[in-house]
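Enquirer:
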Amino acid sequence: MQIAANKAVSIDYTLTNDAGEVIDSSAGGAPLVYLQGAGNIIVGLEKALEGKQVGDELEVSIEPGDAYGEYSAELVATLSREMFEGVDELEVGMQFHASAPDGGMQIVTIRDIDGDDVTVDGNHPLAGQRLNFKVKVVNVREASAEEVAHGHIHGEGGHHH
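Mapped onto our numbering, the consecutive letters of the sequence shown carry residue numbers -7 to 153.
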């Protein structure tokens, strides 16, 4: 069976940056299971896997535009510590939900703290980076009607949300 829209796909993968550092991997754990065509994984990897089948192995580099986007300086802001009311200790690396420019929600990460100035970054941590995947297709099956309707694969034992 080939990977196509509305197929449940299981992959083993290792993700590295251009320096060869491992960013993420399914090695030593369960394969990643996703619904093809539902935006569960980055678009560039979904495109690369289209038409592949069980046993296929590939190495693919995904440019930022088909991954987490280009890095945007407009998503970096310096806020006053007062904006973090109710949080006693702020640390670099902490993440918070914040209002996005489009009115939705986004995750921002504290990048720097200088006195009462807190610099936050709304970019995805992998924005602006080429992502290199080494992938093996482990399984491809028809997704259930419920999985297609919900836009994601359900785990063992069914529906959990």
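The C-beta atom is built at its ideal place from N, Cα and C for all residues, glycine as well.
Just so you know, these numbers come straight off a predicted model, no measurement behind them.
Terminal residues of the continuous beta strand (DSSP E) containing His89?
Expert: Here the beta strand (DSSP E) through His89 covers Gln87 to Ser91.
Enquirer: Identify, in the order they occur along the chain, each residue of the same chain with its Cβ nearer than 7 Å to the Cβ of Gly85, setting aside the five sequence neighbours on each side.
Expert: Excluding residues within five positions, the ones whose Cβ falls inside 7 Å are Thr101 and Ile102.
Enquirer: As a quick exercise: from Asp108, Pro56 and Gln28, pick the residue whose alpha carbon is nearest that of Glu81.
Expert: If we check each option's Cα against that of Glu81, Asp108 comes out closest.
Enquirer: Pull the bridge partners of Glu35 from the DSSP assignment, please.
Expert: In the sequence on display, residue 35 carries Val and not Glu. Answer is none; Val35 lacks a bridge partner.
Enquirer: Going by DSSP, name the residue or residues bridged to Ala0.
Expert: Leu27 and Arg133, per the DSSP bridge assignment.
Enquirer: What beta strand (DSSP E) runs, 3 residues minimum, are completely inside the segment 68 to 114?
Expert: You should have 68 to 72, 87 to 91, 97 to 106 and 109 to 113.
Enquirer: So what does DSSP say about Val127, is it helix, strand or coil?
Expert: Three-state result, Val127: strand.
Enquirer: Run through DSSP, which three-state label would Val46 get?
Expert: Coil, per DSSP.
Enquirer: To the nearest angstrom, report how far apart Ser18 and Val25 are at their CA atoms.
Expert: Using only the alpha carbons, I get a separation of about 11 Å.
Enquirer: Pull up the distance between the alpha-carbon of Gly(-7) and that of Phe88, whole angstroms please.
Expert: The residue you asked about is not Gly; residue -7 is Met in the sequence shown. Spanning the two alpha carbons is a distance of roughly 42 Å.
Enquirer: My output table needs one value for Asp16: the three-state DSSP class, helix, strand or coil.
Expert: Of the three classes helix, strand and coil, the one that applies to Asp16 here is strand, per DSSP.
Enquirer: Using beta-carbon positions only, say whether Asp58 and Ile34 come within less than 8 Å of one another.
Expert: Contact: yes.
Enquirer: Measure the Cβ-Cβ separation of Val127 and Pro23 and say whether it is below 8 Å.
Expert: No, these two residues do not count as a Cβ contact at 8 Å.
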